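In the working numbering, the protein residues as written are 21 to 293.
What follows is one structure encoded as structure tokens, with my remarks underneath.
In structure tokens, the structure reads:
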């Protein structure tokens with residue numbers, strides 16, 4: 021019998037331009053914390069949209085919206101910690117799997133509901149991330165790397181000043197709800213200390229139709245996550261992702277969906293890069 025050739029890993033690809041960290045390089049602790057917080061802000065915006073769309077359809081109010089957001093963040097932390105510690109380095113966090121990119125039609129039109137706040141945020145974000153790096157050359161790309169944190173901080177302070185100055189006193193109620201920083205009701209409706217727990221919404225009811233719908237949603241999340249795993253490995257200048265690593269990532273996606281169902285997040289899980 022011929023000797024079986026030893027498996028040789030694929031060669032590491034060259035680092036893509038504009039990518040600051042590859043799989044073998046790590047940012048400093050402070051930079052990692054800020055980048056993680058920036059990713060959290062992006063995910064938080066999506067979670068708020070999920071709660072705003074789903075909870076009212078089920079008869080919930082501001083308190084239930086806040087509880088859903090808390091549950092989503094809590095289960096996201098559990099999924100990420102367990103996966104990075106025990107299983108695969110491919111991270112999955114709770115995001116909606118049923119509507120996916122369809123959330124774009126629910127989120128982007130909200131900008132037009134408060135143009136004086138939404139439009140400056142969009143302009144500042146594009147300016148900081150796309151134009152500043154070409155206009156101002158620095159040794160460390162700080163501004164474009166933290167463009168989300170900077171733009172959100174600037175526009176939030178601007179919106180708070182407009183609210184405190186009474187710019188919306190004589191505006192319609194719908195405009196005040198969209199533009200004022202104190203009208204969402206999520207902060208006032210949230211508990212000071214709230215630890216989500218399994219079956220917090222009561223005993224689950226599972227039907228055959230619901231099972232098939234979630235199977236279809238899980239299939240979509242599987243395809244999307246697999247592509248994201250491969251893309252993340254390419255951007256990190258890593259070798260080709262072995263099938264065993266993809267299997268662990270997809271397997272943990274199933275465990276994440278189970279945890280989502282136990283805690284009642286209102287959505288499923290998919291990858292977030």
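Note that beta-carbon positions come from the ideal geometry of N, C-alpha and C, so glycine has one too.
Since the structure is predicted, the reported quantities are computational estimates derived from the model, not experimental observations.
### Query
If you draw a straight line from the alpha carbon of residue 66 to that of residue 81, how long is it in whole angstroms?
In the chain shown, residue 66 corresponds to position 46, counting from 1. In the chain shown, residue 81 corresponds to position 61, counting from 1. Each residue's CA atom was taken as its position, placing residue 66 and residue 81 some 18 Å apart.
### Given residue 208 as reference, the closest of 56, 238, 83 once Cα atoms are compared
The residue given as residue 208 occupies position 188 in the chain shown. Residue nearest to residue 208 within the set 56, 238, 83 is 83 (criterion: CA-CA distance).
### Query
Thinking C-alpha only, which one of 169, 91, 175 is nearest residue 131?
Position 111 of the chain shown, counted from the first residue, corresponds to residue 131. Nearest option by C-alpha distance: 175.
### Task
Give me the Cα-Cα distance between residue 173 and residue 230, rounded to the nearest whole angstrom.
By one-based count along the chain shown, residue 173 stands at place 153. By one-based count along the chain shown, residue 230 stands at place 210. Their Cα atoms are separated by approximately 41 Å.
### Message
Beta-carbon within less than 7 Å of residue 164's beta-carbon, same chain only, minus the 5 sequence neighbours each way: which residues are those?
### Response
As a position in the chain shown, residue 164 is number 144, starting the count at 1. Taking residue 164 as the centre and dropping the five residues before and after it, the same chain places the C-beta of 148, 149, 152, 153 closer than 7 Å to its C-beta, in chain order.
### From 228, 216, 201, 185, residue whose alpha carbon lies closest to that of residue 88
Translated into the one-based positions of the chain shown, residue 88 becomes position 68. Per the Cα distances, 216.
### Query
For residue 164, which three-state DSSP category applies?
Position 144 of the chain shown, counted from the first residue, corresponds to residue 164. Residue state, collapsed to three classes: helix.
### CB-CB length for residue 286 against residue 69, believed under 8 Å
As a working mapping, residue 286 is identified with position 266 in the chain shown. As a working mapping, residue 69 is identified with position 49 in the chain shown. The pair is not a contact, with the Cβ atoms about 12 Å apart (cut-off 8 Å).
### Query
Out of 143, 159, 189, 180, which has the shortest C-alpha to C-alpha gap to residue 168?
Residue 168 sits at position 148 when you count from the first residue of the chain shown. Measuring C-alpha to C-alpha distances from residue 168 to each of 143, 159, 189, 180 identifies 143 as the nearest.
### Query
Would you call the CB atoms of residue 223 and residue 284 closer than 8 Å?
The sequence position of residue 223 within the chain shown is 203, counting from 1. The sequence position of residue 284 within the chain shown is 264, counting from 1. At a Cβ-Cβ threshold of 8 Å, residue 223 and residue 284 do not count as neighbours.
### Query
Skipping 5 residues on each side, what residues in its chain have a beta carbon closer than 7 Å to that of residue 91?
The residue labelled residue 91 in the question sits at position 71 within the chain shown. Around residue 91, the same chain offers 216, 283, 284, 285 as residues with beta carbons nearer than 7 Å, after the five sequence neighbours per side are excluded.
### Query
Of the residues 51, 98, 86, which one's Cα is nearest the Cα of residue 212?
By 1-based counting over the chain shown, the position of residue 212 is 192. Of the candidates 51, 98, 86, the one whose C-alpha sits nearest the C-alpha of residue 212 is 86.
### Task
Out of 249, 275, 138, point me to the one whose CA is closest to residue 199's CA.
For this step, residue 199 is matched to residue 179 along the chain shown. Nearest option by C-alpha distance: 138.
### Query
Going by the CB atoms, is the gap between residue 245 and residue 265 shorter than 8 Å?
Here the question's residue 265 lines up with position 245 in the chain shown. Here the question's residue 245 lines up with position 225 in the chain shown. It is not a contact, given that the beta carbons lie outside the stated cut-off.
#### Entry: DSSP-derived helix/strand/coil call for residue 188
Here the question's residue 188 lines up with position 168 in the chain shown. Residue state, collapsed to three classes: coil.
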